[in-house]
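Participant:
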Amino acid sequence: MAYQIIDITRPIAEGMVVWPGDPDVAIDELSSLARGDNNNVSAIYMSMHTGTHVDVPLHFIAGGKDTAEVDLNRFIGRAKVFDIGMHKVISADVLDGLCIGSNDIVLFKTMNGRLWDMPAFEPDFVYLSEDAAWWLIRKGIKAVGIDYLSVEGFHHEGAPVHHILLNHEVGIIEGLDLRAVESGVYYLICLPLKIVKGNGSPVRAVLLCDTEGQERNI
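When the letters of the sequence shown are read in order and numbered with our numbering, they come out as residues 10 to 227.
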């Protein structure tokens with residue numbers, strides 16, 4: 010089979026939008042060819058939840074699996090991209106009728122895509138409701154992803170959506186760039202770094218799209 014690779018990852022760069030309270034991205038030169046050194050080497054400082062990233066159980070659960078222990082199968086496999094249009098909250102009512110089944114990876118394309126063009130964090134983003142999280146758990150999905158920095162609403166105390174999903178070891182993928190992606194069925198590869206005690210990790214997320222005419226309709 011022949012595949013097109015669709016990169017759905019936000020670039021990591023100094024000055025990029027980060028979650029409030031997280032450190033700004035800083036990239037420091039340790040050595041530089043321009044300064045006469047024999048190579049270029051840099052160090053990067055940032056939160057584990059910068060840009061396109063995954064959350065793992067340790068993020069909210071004491072003793073939960075870290076990024077070195079998490080099941081990688083959660084982040085590889087059949088992925089369904091759903092464009093939910095103008096909905097401001099992804100609720101169970103929104104999900105009713107969608108073709109979502111066991112072991113699916115579900116990616117939501119929302120109005121959040123426009124927020125990537127804004128210079129600062131925007132708290133009024135589309136998010137997943139608690140009843141939607143439970144709906145997805147009952148369906149037996151592998152992972153869920155969204156196109157801004159959290160699946161959870163900004164002012165939601167206690168992070169109930171994260172707790173629901175992570176307690177059931179559902180993978181969480183945040184900060185996706187789905188603006189150029191149509192609704193349909195793809196194959197996702199989205200692997201976290203193997204960080205001991207890592208509660209999250211930046212990822213390079215890509216969708217594979219069959220170019221030989223295989224049906225992609227949901």
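We treat Cβ as the ideally placed atom computed from N, Cα and C, and that holds for glycine.
(1) Out of G106, K118 and I85, which has the shortest C-alpha to C-alpha gap to V98?
(2) Mark P29 as exposed unless 16 or more other C-beta atoms lie within 10 angstroms of its C-beta, in which case mark it buried.
(3) Relative to the C-alpha of E38, which residue among P32, W144 and V50 is closest?
(4) To the nearest angstrom, how far is it from the Cα of H62 to the Cα of N47?
(5) Do you know how far the Cα of L42 is from the Cα of P66?
(6) For a test of the three-state rule: what should DSSP assign to F84, helix, strand or coil?
(7) Using the beta-carbon count (16 or more within 10 Å), is N208 buried or exposed?
(8) Can you list, in chain order, the residues of its chain whose CB lies under 7 Å from that of V170, leaving out five sequence neighbours each side?
(9) Could you tell me which residues DSSP puts in a beta bridge with D16?
(10) Taking 8 Å as the cut-off, decide whether the C-beta atoms of A88 and Y195 are in contact.
(11) Where F163 and H172 are concerned, what is the direct C-alpha to C-alpha distance, given to the nearest angstrom?
(12) Within a Cβ cutoff of 7 Å, which residues of the same chain sit near I14, ignoring the five residues on either side of it in sequence?
(13) Terminal residues of the continuous beta strand (DSSP E) containing K151?
(14) Quick one: what's got a C-beta closer than 7 Å to R213's C-beta in the same chain, skipping five residues either side?
(15) Quick check on E183: buried or exposed, where buried means 16 or more other Cβ atoms within 10 Å of its Cβ?
(16) Taking only the alpha-carbon atoms, compute the straight-line gap between I109 and V90 and give it to the nearest angstrom.
(17) Do I114 and K151 have their CB atoms nearer than 8 Å?
(18) Measuring CA to CA, which of D16, G60, S40 and G45 is closest to M25?
(19) Looking at the secondary structure, which residues open and close the alpha helix (DSSP H) in which I173 lies?
(20) Looking only at DSSP bridge pairs, what is L116 linked to?
(21) Which runs of the beta strand (DSSP E) fall wholly inside the region 28 to 82 and span at least 3 residues, in chain order?
(22) Can you list, in chain order, the residues of its chain with a C-beta nearer than 6 Å to that of M120? Leave out the 5 residues immediately preceding and following it.
(23) What distance in whole Å lies between the Cβ atoms of T76 and L202, which are believed to be in contact at a cut-off of 8 Å?
Facilitator: Checking against the coordinates, here is how it stands:
(1) Counted from its first residue, the sequence shown places residue 98 at position 89. Closest option to V98, Cα to Cα, is K118.
(2) Taking the sequence shown and counting its residues from 1, one reaches residue 29 at position 20. Here P29 is exposed, its C-beta having fewer than 16 other C-beta atoms within 10 Å.
(3) As a working note, residue 38 is residue 29 in the sequence shown. Taking the Cα of E38 as reference, the smallest distance to any Cα among P32, W144 and V50 is reached at V50.
(4) Looking up residue 62 in the sequence shown gives position 53. Looking up residue 47 in the sequence shown gives position 38. Each residue's Cα considered, the two are about 33 Å apart.
(5) Counting from 1 along the sequence shown, the entry for residue 66 is found at position 57. Counting from 1 along the sequence shown, the entry for residue 42 is found at position 33. If you draw a straight line from the Cα of P66 to the Cα of L42, it comes to about 41 Å.
(6) Indexing the sequence shown from 1 puts residue 84 at position 75. It is helical.
(7) Translated into positions along the sequence shown, residue 208 becomes position 199. It is buried - the Cβ of N208 has at least 16 other Cβ atoms within 10 Å.
(8) Residue numbering aside, residue 170 sits at position 161 when the sequence shown is read from its first letter. Result list for V170: L137, E139, A142, V160 and E161, in chain order.
(9) For the purposes of this step, residue 16 is identified with residue 7 of the sequence shown, where counting begins at 1. Its beta-bridge partners are V215.
(10) In the sequence shown, counting from the first residue as 1, residue 88 sits at position 79. In the sequence shown, counting from the first residue as 1, residue 195 sits at position 186. Yes, Cβ-Cβ distance for A88 and Y195 is below 8 Å.
(11) Start at 1 with the first residue of the sequence shown, and residue 163 comes out as number 154. Start at 1 with the first residue of the sequence shown, and residue 172 comes out as number 163. Going by the C-alpha atoms only, they are around 15 Å apart.
(12) For the purposes of this step, residue 14 is identified with residue 5 of the sequence shown, where counting begins at 1. The residues are V215 and L217.
(13) In the sequence shown, residue 151 corresponds to position 142, counting from 1. For K151, no beta strand (DSSP E) segment is defined, and its DSSP state is neither H nor E.
(14) Position 204 of the sequence shown, counting from 1, holds the residue named residue 213. Closer than 7 Å at Cβ, skipping near neighbours: T18.
(15) In the sequence shown, the residue the question calls residue 183 occupies position 174. Buried, because 16 or more other Cβ atoms sit within 10 Å of the Cβ of E183.
(16) For the purposes of this step, residue 109 is taken as the residue at position 100 of the sequence shown. For the purposes of this step, residue 90 is taken as the residue at position 81 of the sequence shown. Approximately 10 Å, taken between the alpha carbons.
(17) In the sequence shown, counting from the first residue as 1, residue 114 sits at position 105. In the sequence shown, counting from the first residue as 1, residue 151 sits at position 142. A contact, by the Cβ cut-off of 8 Å.
(18) Indexing the sequence shown from 1 puts residue 25 at position 16. Each of D16, G60, S40 and G45 was checked against the Cα of M25, and the nearest Cα belongs to G60.
(19) For the purposes of this step, residue 173 is taken as residue 164 along the sequence shown, with counting starting at 1. Element bounds for I173: P169 to N176.
(20) The sequence position of residue 116 within the sequence shown is 107, counting from 1. The beta-bridge partner set that DSSP reports for L116 consists of V90 and G154.
(21) The region 28 to 82 contains these whole beta strand (DSSP E) runs: 35 to 40, 50 to 54 and 62 to 64.
(22) Residue mapping note: residue 120 aligns to position 111 of the sequence shown, counting from 1. Excluding its 5 nearest sequence neighbours in each direction, M120 has C-beta neighbours in its own chain below 6 Å: V135, listed in chain order.
(23) On the sequence shown, position 193 is the one that residue 202 refers to. On the sequence shown, position 67 is the one that residue 76 refers to. Indeed, because the Cβ distance is near 6 Å, the residues count as touching under 8 Å.
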